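J.: Residue numbers (our numbering): 764 to 1714. Glycine included, each C-beta is placed from N, C-alpha and C at the ideal position. From a predicted model like this one, the values you see are computed outputs, not experimental measurements.
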């Protein structure tokens, strides 16, 4: 007899709908198998032929962490292109390389954790390089383009499955796992949710990743907004992947739950489907889920809901249809088209901030390129390993010829003399290889070890000249003559071993500390503290190492000052290009916020020296974030984010005029630190933050960027029909160079009843125009784009009245304007009798924070520690009269009630409750009628949930 072929199980039948196939596979999995799927590294189920699966593959601006790949400009640089179509092509190229790399290395995942849509609310946020813009409209446009490219065009099968980061209101690295972002309803709906919502509604998003922080006192990993908002925006199953280690933080650092079983259950019930915790070891998460099931905190249905959403992604990726899914044989990797796209993206990201006619550079010009980044092509934490590399110096050599280009890096050349009179010396490396850290790929590059195959530094009579760079606030790197940075490996010895500073904990940075600062020591020298370990360097018989038992006292001997080398090069040149900026691994990165907008003092020295030696000095800022620089005495200033593998070529082509710059600032550049709110102040409305509300004079405004030509705007027309606006105007290139223009359309409410943006971006278009050419641009805008979140009715509302539409080249360079009048929806007075006032629905606040009303949902308001909190509710209708006030709160303190800024009319005292979620209602006599503004003053550690009136 011939054995019969077993029937194909329904989950492998491509003719069936995905939903039926998921039902079938889910039913075949045992409970233990389903629980195991909840960890990031879901194991294989061999009896069903189901492969192992990993959520998470970093791909922010190219495939990261898995070895060589095409490296595109940083995300903030892609945002600066203001070019949706270009960014979509970048997403397509990245997803193609993900597929091609996976074909040869199955560690490469198809569930990509990108893009980051956190808004660039504050320029000191350490991860600003990962976002696109401070504006939710621009952010969602760029993010939608990138996710569409990552997803691909097939109606059923996805090339990759993008997950948006980081849900929600996440703009600080300082104590990021324990700080709470206080986000009032208007800011939540008008600002933070908007970038996520529009991108999800576009249909190319597979899920989101909650952020480490808390919002309104509740960790994002148990946020009710996942259920109340995110999952209502689409009919598709969305996968929610935790951030690394965040599930354990719910107990270990945040102390929000007493046990990990409680925390894990709460996260699953809130909507977390995949737990990124404990590396590749899923056993702890499995044990926690089992514990939660056994104690009744979870049901099997809860487990099934999470597993179903993960399976939905796997089916969309074609995992179970290897013969019919279209993306399995994708092989495009490091193609000529990808290289050209990397250069095009880098060119389009360059922003010309100022130009008094010095640029573009003419033929035959002699250029001095100077500065700490002049011969660097820096990568960030989420970069791949470079296949190709172009620094500004290399780009200028290529474009102008090496004989026309001089170079001075501007490092300080030093020798370090010990207390014995000897000097630190870098021994020869011998036959050690030139391996680049991370070139082999790593699922977690934070675990990459430092090199120990090179000899440690020693001391001798002559020593080695080291290149010293101060990256700001005394953070130093030291580099050997062969280009390797001094670094400390796990064995504690100091070696010249790193190709660049980097790593989760950077091991290549140091600080000089006065020797007298150490208890019991004296003298004028310095201790050299290794920042990564916190220890000081000492000189031992077997080499220099970190050990605090006998720290060495060093004297710095300068053999050359960086500014002297810069001045020599500048004097001999026709034009100087000073390339300044940051190293993305230092002083502003994931886990570390910046402390100032100022350019580091070392780089200020170099800039001053160049400008003094040659007035024709161009400042080219290459950085992950804005700086406060004084452009007054500089004839030209440019900015670009770290531009990836083609950064130098792109910069040279723009300087030469081969390409007219057309990047635009995706965030406000403030003039000084004094213009900035507190980093933890998330109230963009009350704090007057970003271009939307900032009332000062920016150094450079949102949307700003110049070109090598001029543009005229004319013939603005607006028509209204079917709850939409049609806005048209013409842009003409009135100069002599072909160039791109980024036309921007803004709106503002002329006489709003509540604080509204000074102007708000509605739409943008990047278009290419030859000299003399014109293009008629038309934008179709729903009237809902002009709505605001009305806390009185708890939904968006279009306010009746006049709105000004403004078209121009930046948020401050408005060329055309017109005013329209819209009917809208009239305002509603607050009905204070029924249902009363939720405390969080205030119009204005001072010295308060929003906290969690319960651990599951709801908000309350508390005064800041040691302060008197104030809340204002406009337009409260007391009708024919009330005689009493009822206040619902927990904790201990006092609530004072007044009207229209007058004296206190009632005082309600709370003597203390059992816990923060144990609310009681206490009343007091209070008389009022008619319409008034209600004012509340809060004192003491209480949580105000609601205020009602009766009588």
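In angstroms with no decimal places, state the Cα-to-Cα distance between residue 793 and residue 1066.
T.: Cα-Cα distance, rounded: 11 Å.
J.: Less than 6 Å between the CB of residue 1417 and some heavy atom of the ligand GDP, yes or no?
T.: Absence of the ligand GDP is noted for the structure shown, with no ligands found whatsoever.
J.: If I'm right that residue 1508 touches residue 1490 with Cβ under 8 Å, what's the distance once you round it to whole angstroms?
T.: So it is a contact: roughly 6 Å between Cβ atoms.
J.: Which residues in the same chain have their Cβ closer than 7 Å to the Cβ of residue 941, if we skip the five residues on either side of it in sequence?
T.: Taken in chain order, the residues that qualify are 1016, 1017.
J.: In chain order, what residues of the same chain have a beta carbon less than 7 Å from the beta carbon of residue 778, not counting five sequence neighbours either side?
T.: Hits under 7 Å: none found.
J.: Who are the Cβ neighbours of residue 769 in its own chain at under 8 Å, not counting the five residues just before and after it?
T.: Here the set comprises nothing.
J.: Where do the ends of the beta strand (DSSP E) carrying residue 1257 lie?
T.: Taken as a continuous stretch (DSSP letters only), the beta strand (DSSP E) holding residue 1257 covers 1257–1261.
J.: Just verifying my parser: in three-state terms, what is the DSSP assignment at residue 1086?
T.: It is coil, neither helix nor strand.
J.: Helix, strand or coil, according to DSSP, for residue 762 in the structure here?
T.: Residue 762 falls outside the range modelled here, since the chain spans only 764 to 1714, and no answer is possible.
J.: Indicate whether residue 1248 and residue 1230 have their beta-carbon atoms separated by less than 7 Å.
T.: Going by C-beta atoms, residue 1248 is not nearer than 7 Å to residue 1230.
J.: Run the CB neighbour count on residue 1644, radius 10 Å, all protein chains shown included, and call it buried at 16 or more, exposed below.
T.: Classification of residue 1644: exposed, given that the 10 Å Cβ count is below 16.
J.: Determine, using beta-carbon pairs with one atom in the stretch 894–902 and one in the stretch 1429–1448, whether at least three such pairs fall under 8 Å.
T.: Cβ pair count under 8 Å is three or more, so yes.
J.: Is residue 1159 near residue 1132, with beta carbons less than 7 Å apart?
T.: Taking 7 Å as the Cβ cut-off, residue 1159 and residue 1132 qualify as a contacting pair.
J.: On the DSSP bridge assignment, give the partners of residue 1640 in chain order.
T.: In the DSSP output, where bridge partners are listed per residue, residue 1640 has 1594, 1694.
J.: Give the straight-line distance between the Cα atoms of residue 1282 and residue 1257, rounded to the nearest whole angstrom.
T.: Reliability fails at residue 1282, whose pLDDT of 46 lies under 50, so the model's placement of it is uncertain and no value is given.
J.: Looking at the structure shown, is residue 1283 part of a helix, part of a strand, or coil, going by DSSP?
T.: Because the pLDDT at residue 1283 is just 43, under 50, the model does not fix this residue reliably, and the value given afterwards should be weighed accordingly. Reduced to three states, the DSSP call for residue 1283 is coil.
J.: Please say whether residue 1272 and residue 936 have beta carbons closer to each other than 7 Å?
T.: In this structure, residue 1272 does not lie closer than 7 Å to residue 936 by Cβ.
J.: Which runs of the beta strand (DSSP E) fall wholly inside the stretch 1268–1315 and span at least 3 residues, in chain order?
T.: Whole beta strand (DSSP E) segments, 3+ residues: 1273–1277, 1289–1293, 1300–1303, 1306–1309.
J.: Smallest Cα separation from residue 1664: which of 1697, 1682, 1688, 1655?
T.: Residue 1697 is the option with its Cα nearest to residue 1664.
J.: Looking at C-alpha atoms only, which residue of 1476, 1290, 1612, 888 is the closest neighbour of residue 1576?
T.: Ranking the options by Cα distance to residue 1576, first place goes to 1476.
J.: First and last residue of the beta strand (DSSP E) that includes residue 1371?
T.: Where residue 1371 is concerned, there is no enclosing beta strand (DSSP E), although the alpha helix (DSSP H) it sits in stretches over 1364–1376.
J.: As a quick exercise: from 1135, 976, 956, pick the residue whose alpha carbon is nearest that of residue 944.
T.: The shortest Cα separation from residue 944 among 1135, 976, 956 belongs to 976.
J.: I'd like the span of the beta strand (DSSP E) that includes residue 783, first residue to last.
T.: Run containing residue 783: none in the beta strand (DSSP E); it sits in the alpha helix (DSSP H), 781–791.
J.: Kindly list the residues whose CB is nearer than 6 Å to the CB of residue 1235, restricted to its own chain and excluding five residues on each side of it in sequence; keep chain order.
T.: The answer, listed in chain order, is 1350, 1363.
J.: Apply the 10 Å Cβ neighbour rule to residue 730 and answer buried if 16 or more other Cβ atoms are within range, or exposed otherwise.
T.: Any property of residue 730 remains undetermined from this structure, which presents the chain solely from 764 to 1714.
J.: Starting from residue 904, trace the alpha helix (DSSP H) in both directions and tell me its first and last residue.
T.: Counting along the chain, the alpha helix (DSSP H) containing residue 904 begins and ends at 899–914.
J.: Would you check if the stretch 1314–1330 and the stretch 1287–1299 touch, i.e. whether three or more CB-CB distances between them fall below 8 Å?
T.: In short, these stretches touch, since the Cβ pair count reaches three.
J.: From residue 1479 to residue 1494, what distance separates their C-alpha atoms?
T.: Rounded to the nearest angstrom, the two C-alpha atoms are 10 Å apart.
J.: Comparing C-alpha positions only, which one of 1600, 1618, 1423 sits nearest to residue 1532?
T.: The shortest Cα separation from residue 1532 among 1600, 1618, 1423 belongs to 1423.
J.: Roughly how many whole angstroms lie between the Cα atoms of residue 862 and residue 1093?
T.: Whole-angstrom Cα-Cα distance: 6 Å.
J.: If you run the structure through DSSP and keep just helix, strand and coil, what is residue 972?
T.: Strand.
J.: Taking Cβ positions, are residue 1121 and residue 1398 nearer each other than 7 Å?
T.: Yes; because the gap between Cβ atoms is below 7 Å, this pair is in contact.
J.: Within the continuous alpha helix (DSSP H) that includes residue 1713, where are the two ends?
T.: Premise fails: residue 1713 lies in the beta strand (DSSP E), 1705–1713, not in any alpha helix (DSSP H).
J.: Rounded to whole angstroms, what is the Cα-Cα separation between residue 826 and residue 857?
T.: Those two C-alpha atoms are separated by around 6 Å.
J.: Can you give me the C-alpha to C-alpha distance between residue 1594 and residue 1042, rounded to a whole angstrom?
T.: Cα-Cα distance, rounded: 53 Å.
J.: Specify, as a first and last residue, the run of the beta strand (DSSP E) that residue 1483 falls within.
T.: Segment 1474–1484, the beta strand (DSSP E) holding residue 1483.
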